[in-house]
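Each residue of the sequence shown is one higher than the one before, counting from 147 in our numbering.
Beta carbons: idealized from backbone N, C-alpha and C, even for Gly.
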Amino acid sequence: MQRIAIDMDDVLADATGRFLDYLTTRTGVEVTKQQLWGRDWADVTDIHRSTIRSWVYEAGFFRDMAVLPDAQDVVQKLQERYEVFIVSAAMEFPLSLKEKLEWMAEHFPFVDWRYIVFCGHKYMIKADYLIDDHEKNLKPFEGTPILFSAPHNANLTGYTRVSTWREVEQLLLPNAVEIVRT
Ligand SMILES: [Mg+2]
C-alpha cells in the first residue's frame, strides 16, 4: 500500500483564513484571501509582519481553524487506498500540539492518533506522496511532491499543483472518480 503524508496548515486547515480573521478582529483591517493571493502581507496591509506572525504563538490560534472544503471526505476516501499520515511541523509552536490533536479528533475522528506525526523538519518523512503548501518541505522530499495552492505559493512553479481537495481526489483516486461517473 502506498503512503501519503498530508500537511495540516493551509492543506487541511484554513490557516490563512485564521490569520485574516485575526487581522480583522485585532486591527479592524479587512483583507480577503483573493487580495493576498500571490502577494506578501506588506502588499495588502500596513500591519507589520511580526505582529501578524505573533498570533500563532497565542493560545487558541490553531484550535478553531476552519476545515478546507472537501478535505474530510477526500482524506477518508484516500484511507481506503493508501496509508494516510498527517504530518505537521508543529514543534515550532509548542501550544499548537494539543490544539492540533484536538482539532484532528474533532474534524478527522477517522484518523487514528498513530497516523498523526508532529515534527520539525519533514525531510526524514518516508512516503510516496507529500501534499504540502511549502516548498521547503516539498523540495527535499524523496517521494512525489504535490503542491497545495495557498496565497504564499501562488507564483511557485515546478510542482504538480492542486487547488482543491476534489483535485487531490482526481489526482490520487482517478478510478474512484471514474466509477462515480459511470
Ligand atoms: Mg502548511
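| Check | Outcome |
| --- | --- |
| For Leu-276, does the three-state DSSP call read helix, strand or coil? | strand |
| Looking only at C-alpha atoms, which of Lys-223, Lys-179 and Ala-251 sits nearest to Ile-150? | Lys-223 |
| Taking the C-alpha atoms as reference points, what is the distance between Ala-251 and Asn-283? | 25 Å |
| So is the beta-carbon of Val-177 under 7 Å away from any non-hydrogen atom of ligand 1? | no |
| Measure from the alpha carbon of Trp-249 to the alpha carbon of each residue in Ile-277, Trp-259, Leu-276 and Asp-210, then state which is nearest. | Asp-210 |
| Taking only runs of the alpha helix (DSSP H) that begin and end inside the segment 192-252, which ones reach a length of at least 4 residues, in chain order? | 195-200 and 217-227 |
| Pick helix, strand or coil for Thr-185, following the three-state DSSP scheme. | Per the sequence shown, residue 185 should be read as Arg rather than Thr. DSSP places Arg-185 in coil when its eight states are reduced to three. |
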